[in-house]
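If you're matching them up, the sequences are chains A and B in order. Sequential numbering of the first sequence, starting at 100, is according to the numbering used here. Sequential numbering of the second sequence, starting at 299, is according to the numbering used here. Glycine included, each C-beta is placed from N, C-alpha and C at the ideal position. Computed from a prediction, not measured in an experiment: that's the story for all the values here. One structure is given here, and the rest of the page talks about it.
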Amino acid sequence: MRLINHKPGRPGALLLAALPFVVLFVAYAVASDIRLTANPQDKLLPAPSTILDTAHRLFTEPDRRSKEILLWNDTFASLARLLGGVGISAALSLVLGLAIGLLPYARSLLSSFVAVISMVPPLALLPILFIVFGLGELSKVVLIVIGITPFMTRDLAQRVMEIPKEQIVKAQTLGASTSVIALRVALPQILPRLISNMRLSLGSAWLFLIAAEAVASNVGLGYRIFLVRRYLAMDVILTYVIWITLLAFVIDWALKTTSRRAFPWMEAGL
Amino acid sequence: MSFVSVRNVWQRYGDRSILERVSVSVDEGEFISIVGASGCGKSTFLRMLLAEERPYKGEISIDGGDTAVEPNRERGVVFQKYSVFPHMTVRDNLIAGESFEQPFGRLRGAARTEAAARADAMLERIGLNHVADQFPAALSGGMQQRLAIGQAMTARPRILLLDEPFGALDPGTRLQMHDFLMELRDETNMTVFMVTHDLQEGFKLGDRVLVFDKPRWDPDDPGLFGATITYDFDARNKGMPYQDILDQYPSLAGA
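This is how it looks when you write it as structure tokens:
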């Protein structure tokens, strides 16, 4: 039988899905053990048990000076920036995407502009953003917005243009005005796409957030990682990395579930 | 004065002539089948009736009105596919026929309840009441087309335009759809234009069959001349002419 026709059973599939995680963990544990045997003071690859202890301490024990648990402070600060940036981008790209996709005048005016802007490397603009918007929250949110809005806008505009012409004509024969076509025909059909765009752009949003926090901040997950880097506190960094990964995964899962619940017509055909 | 009148309509895309000298007048309640080879401009003609395209030259008027510049509620349409809105339930698709002309495309309160009642009556009529709360993707091709026709009728258009409405259906479903369409038409006396590839279908359903073809042909430049209506058959009484001449001229009976 051909390789493409071999399919794993259900237990086999679960086992295979778990395998890369197990391999990664074992490889890390072995490497860590080798280094720690050679030098018990080694800080580069802390033992999994050390990371667990550190994680426990970071999540529960307050800072001695501020009496606050720093990890939670960092988490809330970063999530506020991230979700703020992604939310603003989603709203902006929705409005722009609908306009570009539906209105020939808006398309002529904006589509080349958005295409060019989406090529500007956002991180290269970071110094300018810090100068223009200051070192506070605004510049970090603006970086995320500049980084992901053009790409989301282009994709949504494309999706609006892919709505069959027949539907748009049909809506007109039912007496729909431009705004009704936008709100009742185009918008509902691109909302699922908007959510999948948000899922895709969360990766870049995290990247921009951590970069901005690393450069200038006094709280945030990225700030903390780059702060403790000076002390080679790998156990703290790894805890934060795992925590960020977990957060990203949960947000992604939540968006996916929302999409599935909110748009039953997407799957009615399957 | 005829109900729909098309006077000396020309259409061209760039240098390519598509239609030329198309003139036809249609009375209210007539069912017009439009047939012709691929690329003969019959779909272009339908798009101009729909006002999705404006003629290069000439006039198309419904009930004496001006040539329309964009599609409106005077014209209902059913395409071969994509005619219904995939994100709305079957019932909402019918309600859309009434609600889309509202400022926000929605009806509220009593108006909505009444529209829903009318939609349910239409669902009963087109035999889709058992799937009222499902989405179109869950429906078969024939059911989707019945929904599309019902949706178009809900908006009460002056003329109904059908662009190969049954082209994607299997032969059995197609025959059912013919019966359905004829019943609906007998009830409403709607003026219908139907583009079809199926000659038999065209003659079976139509009162008149218009044939589009190119009467002039330049072998060096196929795009030079456009197509026009080359035949205008009377398809009533199974296509045999003058079957009702005695009704029109009773004096002939004595001769």
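Shorter than 8 Å from the beta carbon of TYR547(B) to some beta carbon of chain A?
-> No, its Cβ sits nowhere closer than 8 Å to a Cβ of chain A.
Does the separation of the CB atoms of PHE523(B) and GLU318(B) fall below 8 Å?
-> Closer than 8 Å, so yes.
Determine the direct distance from the alpha carbon of LYS355(B) to that of VAL259(A), and round the result to whole angstroms.
-> The alpha-carbon atoms of VAL259(A) and LYS355(B) are separated by roughly 32 Å.
Check VAL493(B) in the structure and name its three-state DSSP category.
-> Secondary structure at VAL493(B): strand, using DSSP grouped into helix, strand and coil.
What does VAL304(B) touch in chain A if you count any residue whose Cβ is under 7 Å from its own?
-> Near VAL304(B) there are no residues of chain A at all, since even the closest Cβ is about 19 Å away, more than 7 Å.
Output the boundary residues of the alpha helix (DSSP H) element that contains TYR380(B).
-> First-last for TYR380(B): undefined, no H or E at that position.
VAL320(B) (DSSP reduced to helix, strand or coil) | For VAL320(B), the secondary structure class from DSSP, reduced to helix, strand or coil, is strand.
Is the number of C-beta pairs between the segment 323-337 of chain B and the segment 493-507 of chain B that are closer than 8 Å three or more?
-> Yes: the two stretches touch, three or more of their Cβ pairs being nearer than 8 Å.
Chain A partners of ALA394(B), CB-CB under 7 Å?
-> For ALA394(B), the chain A residues whose Cβ falls inside 7 Å of its Cβ are LEU273, in order along the chain.
For chain B, is any of its Cβ atoms less than 8 Å away from the one on GLU265(A)?
-> Chain B contact via Cβ: present.
Contact between the segment 542-552 of chain B and the segment 510-530 of chain B (3+ Cβ pairs under 8 Å) | Short answer: they don't touch.
Proximity test, Cβ basis, 8 Å: ALA453(B) and chain C | Among the protein chains in the structure shown, which are A and B, there is no chain C.
Please determine, among ARG514(B), ARG371(B), ASN535(B), the residue with the shortest C-alpha to C-alpha distance to THR528(B).
-> Residue ARG514(B) is the option with its Cα nearest to THR528(B).
Is the beta carbon of LEU201(A) sitting closer than 8 Å to the one on ALA285(A)?
-> Cβ distance < 8 Å, so LEU201(A) and ALA285(A) count as in contact.
Does DSSP put ILE527(B) in a helix, in a strand, or in coil?
-> Residue state, collapsed to three classes: strand.
Span of the alpha helix (DSSP H), counted from its first residue to its last, around VAL185(A) | Segment 169-201, the alpha helix (DSSP H) holding VAL185(A).
Going by DSSP, which residues form a beta bridge with GLY334(B)?
-> Beta-bridge pairing links GLY334(B) to PHE510(B).
Buried or exposed: where does MET492(B) fall if 16 or more other Cβ atoms within 10 Å of its Cβ makes it buried?
-> The residue in question, MET492(B), is buried, as its Cβ has 16 or more Cβ neighbours within 10 Å.
Can you have a look at ARG454(B) and say buried or exposed, based on whether 16 or more other CB atoms are within 10 angstroms of its CB?
-> So ARG454(B) counts as exposed.
Cβ-Cβ separation, VAL333(B) to GLY500(B) (assumed contact under 8 Å), whole Å = The beta-carbon distance between GLY500(B) and VAL333(B), rounded to whole angstroms, is 5 Å. This is short enough to meet the 8 Å contact definition.
Compare the C-beta of LEU360(A) with all C-beta atoms of chain B and state if any pair is closer than 8 Å.
-> Note on residue identity: the sequence assigns Arg, not Leu, to residue 360(A). No, ARG360(A) lies away from the interface with chain B (no Cβ there is under 8 Å from its Cβ).
Specify the secondary structure class of ALA367(A) as computed by DSSP and reduced to three states.
-> Note that ALA367(A) has pLDDT 48, beneath the 50 cutoff, so the model's placement of it is unreliable and no number is given.
Unbroken alpha helix (DSSP H) runs of length 4 or more, entirely within the segment 425-480 of chain B: which are they?
-> Entirely contained in the segment 425-480 of chain B, the alpha helix (DSSP H) runs reaching 4 residues are, in chain order, 439-452.
In the segment 218-302 of chain A, which residue ranges form an unbroken alpha helix (DSSP H) of at least 4 residues, counting only runs that do not cross its ends?
-> If we require 4 residues or more, the alpha helix (DSSP H) runs fully inside the segment 218-302 of chain A come out as 225-232, 236-261, 264-272.
With which residues is ARG156(A) paired in a DSSP beta bridge?
-> According to DSSP, ARG156(A) bridges with nothing at all.
Taking 8 Å as the threshold, find out whether the segment 342-358 of chain A comes into contact with the segment 299-318 of chain B through three or more Cβ pairs.
-> No, the segment 342-358 of chain A is not in contact with the segment 299-318 of chain B.
Quick one, are the C-beta atoms of ALA461(B) and LEU347(B) less than 8 Å apart?
-> The displayed chain sequence assigns Asp, not Ala, to residue 461(B). For ASP461(B) and LEU347(B), no; Cβs fall outside 8 Å.
In terms of alpha-carbon separation, which member of LEU459(B), ASP468(B), MET538(B) lies closest to ILE360(B)?
-> Across the set LEU459(B), ASP468(B), MET538(B), the C-alpha of LEU459(B) shows the shortest separation from the C-alpha of ILE360(B).
Which same chain residues, not among the five before or five after GLU236(A), have their C-beta less than 7 Å away from its C-beta?
-> Correct list, in chain order: ARG180.
Figure out for me which residue from ASP530(B), MET538(B), ILE543(B) has the closest Cα to the Cα of SER556(B).
-> Outside the displayed range of chain B (299 to 553) lies residue 556(B), so it cannot be described from this structure.
In terms of alpha-carbon separation, which member of ALA256(A), ALA361(A), LEU255(A), LEU224(A) lies closest to ALA310(A)?
-> Among ALA256(A), ALA361(A), LEU255(A), LEU224(A), the Cα nearest to that of ALA310(A) belongs to LEU224(A).
At a Cβ threshold of 8 Å, is ARG258(A) touching chain B?
-> Not flagged as an interface residue toward chain B: ARG258(A), since no C-beta distance is shorter than 8 Å.
Tell me where the alpha helix (DSSP H) around VAL318(A) begins and ends.
-> Counting along the chain, VAL318(A) falls outside any alpha helix (DSSP H), and DSSP gives it neither H nor E.
Three-state class that DSSP yields for ARG310(B) in the structure shown = Residue state, collapsed to three classes: strand.
Rounded to whole angstroms, what's the CA-CA distance from SER177(A) to LEU118(A)? Just pull it up for me.
-> Approximately 32 Å between the Cα atoms of the pair.
HIS385(B) CB to nearest chain A CB: under 8 Å?
-> Yes, HIS385(B) counts as interfacial toward chain A.
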